[in-house]
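A.B. asks: Numbering (the numbering used here), first residue to last: 46 to 305.
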Amino acid sequence: MTDVRGFGGDKYKYRLTIREPQPGFKASIGGRDATIPVGSGQRFTVKVDRIDGYTGPVEFSIDGLPEGFSTTTPVVVQAGHLSAQGVINVAAGTKAPAKEAWKTVRVVARAEIHGKPIEQQVGNLGTFKIGKAPKVSCRCCWTSPTVRTEPTDQKKAPVLVIAPGETITAMLRVNRNGYDGDLKFDVDNLPHGIIVDNMGLSGILVRAKETERQIFITAADWVPETERSIHAVSREEGRQASRPLSFAVRIRKPAAAKSK
Numbered sequence: 046m047t048d049v050r051g052f053g054g055d056k057y058k059y060r061l062t063i064r065e066p067q068p069g070f071k072a073s074i075g076g077r078d079a080t081i082p083v084g085s086g087q088r089f090t091v092k093v094d095r096i097d098g099y100t101g102p103v104e105f106s107i108d109g110l111p112e113g114f115s116t117t118t119p120v121v122v123q124a125g126h127l128s129a130q131g132v133i134n135v136a137a138g139t140k141a142p143a144k145e146a147w148k149t150v151r152v153v154a155r156a157e158i159h160g161k162p163i164e165q166q167v168g169n170l171g172t173f174k175i176g177k178a179p180k181v182s183c184r185c186c187w188t189s190p191t192v193r194t195e196p197t198d199q200k201k202a203p204v205l206v207i208a209p210g211e212t213i214t215a216m217l218r219v220n221r222n223g224y225d226g227d228l229k230f231d232v233d234n235l236p237h238g239i240i241v242d243n244m245g246l247s248g249i250l251v252r253a254k255e256t257e258r259q260i261f262i263t264a265a266d267w268v269p270e271t272e273r274s275i276h277a278v279s280r281e282e283g284r285q286a287s288r289p290l291s292f293a294v295r296i297r298k299p300a301a302a303k304s305k
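(1) Using the C-alpha atoms, what's the distance from D94 back to G69?
(2) Rounded to a whole number of angstroms, what is the C-alpha to C-alpha distance between S365 and P66?
(3) Rounded to a whole number of angstroms, what is the C-alpha to C-alpha distance between R280 and F230?
(4) What residues in its chain sit with their C-beta under 7 Å from that of G283, if we drop five residues either side in the sequence?
(5) Could I get the ranges of all uninterrupted beta strand (DSSP E) runs contained in the stretch 58–91, with 3 residues as the minimum, in chain order?
(6) Flag this pair as yes or no: are the beta carbons of G238 and A265 separated by less than 7 Å?
(7) Excluding sequence positions up to five away, which residues of its chain have a Cβ less than 6 Å from the Cβ of H126?
(8) Which runs of the beta strand (DSSP E), 3 residues or longer, sit entirely within the stretch 119–171?
(9) Does the Cβ of P190 have 16 or more other Cβ atoms within 10 Å, making it buried, or fewer, making it exposed?
(10) Indicate whether at least one CB of chain C lies closer than 7 Å to the CB of I163.
(11) Which partner residues of G176 appear in the DSSP bridge assignment?
(12) Rounded to whole angstroms, how far is the Cβ of V167 from the Cβ of S128, which I believe are closer than 8 Å?
(13) Mapping the DSSP letters down to three states, classify D266 as helix, strand or coil.
(14) Among V294, V241, T271, L246, whose alpha-carbon lies nearest the alpha-carbon of A277?
(15) I'd like the list of long-range same chain contacts for E272, defined as Cβ closer than 8 Å, with 5 residues on each side in sequence excluded.
(16) For E104, I'd like the list of residues in its chain whose CB is within less than 6 Å of its CB, leaving aside the five on either flank, ordered along the chain.
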């Protein structure tokens, strides 16, 4: 037997193991031990290492955050994908919690494989620190009366809705607190098949001294119904992240024919 380099000999032994596939995944989370400016947010990334051909979705939940902290939960890694993003926000006026408070945070990844629920403990987020207020913070919102939203209970914000093949608008708003220069942004965690459109060469740019930018969101006509949270992240001034915005793809129902 020889290897690809042409080397070989009596001691060049290889072992072949044959077994049935055992589809699964190994979950992890990045962004531990971060410093989050008060009144702002920071992104984190969840990842899955797929094993033996498992391609289904994996859902990450985060529970037990200290008072004043909030996060995107669940964060879903879509089928066939390897990662997804979420954001952790700190409300204005929040004081640093005791280190012991972070020990109760629980991150769990869940999936269903061959009809069987699988749960994997991912650990915690480490110990977050609260930084001083940033020079820039941002938020995503909708302002056009033509944009559809879904009503929810009073504890939750409405859901921004798009249909397959449709383009909608939203507004990215910036609070400036000492930084007046250009700001470039990314929008994280859009479902597969949905993009921020009509950006031009500058990308999502809020020009110097301006405080808002309209963005266009376009869905391909094959995108299935789904719902997840999205957020904006600045490329400057510490990569400040907005609060999550609920975003859904809904297939439009045909209008009922009017009877004569």
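Here a beta-carbon is modelled for each residue, glycine too, at the ideal position from N, C-alpha and C.
C.D. replies: The short version:
(1) Straight-line spacing of the CA atoms in G69 and D94 works out to 9 Å.
(2) No statement about residue 365 is possible, as the shown extent of the chain runs from 46 to 305 and does not include it.
(3) Cα-Cα distance, rounded: 6 Å.
(4) Closer than 7 Å at the Cβ level, and outside the excluded window around G283, lie P82, P179.
(5) Look at the stretch 58–91 and you find these whole runs of beta strand (DSSP E), each 3 residues long or longer: 69–74, 80–82.
(6) Yes, Cβ-Cβ distance for G238 and A265 is below 7 Å.
(7) Excluding positions up to five away in sequence, the list is empty.
(8) At a cut-off of 3 residues, the continuous stretches assigned as beta strand (DSSP E) that sit fully inside the stretch 119–171 are 120–122, 128–135, 151–158, 161–168.
(9) Here P190 scores only 44 on pLDDT, less than 50, and its place in the model is too uncertain to base an answer on.
(10) Given the protein chain composition of this structure (a single chain), no chain C is represented.
(11) Partner(s): P82.
(12) Not quite, the Cβ-Cβ distance comes to about 13 Å (not below 8 Å), so this is no contact.
(13) Here DSSP, grouped into helix, strand and coil, assigns D266 to coil.
(14) Looking only at V294, V241, T271, L246, the smallest Cα-Cα distance to A277 is reached by V241.
(15) V204, S291, F292, A293, V294, listed in sequence order.
(16) Its chain contains P119, V121, R155 as the residues whose beta carbon lies nearer than 6 Å to that of E104, once the 5 sequence neighbours on both sides are disregarded; these appear in chain order.
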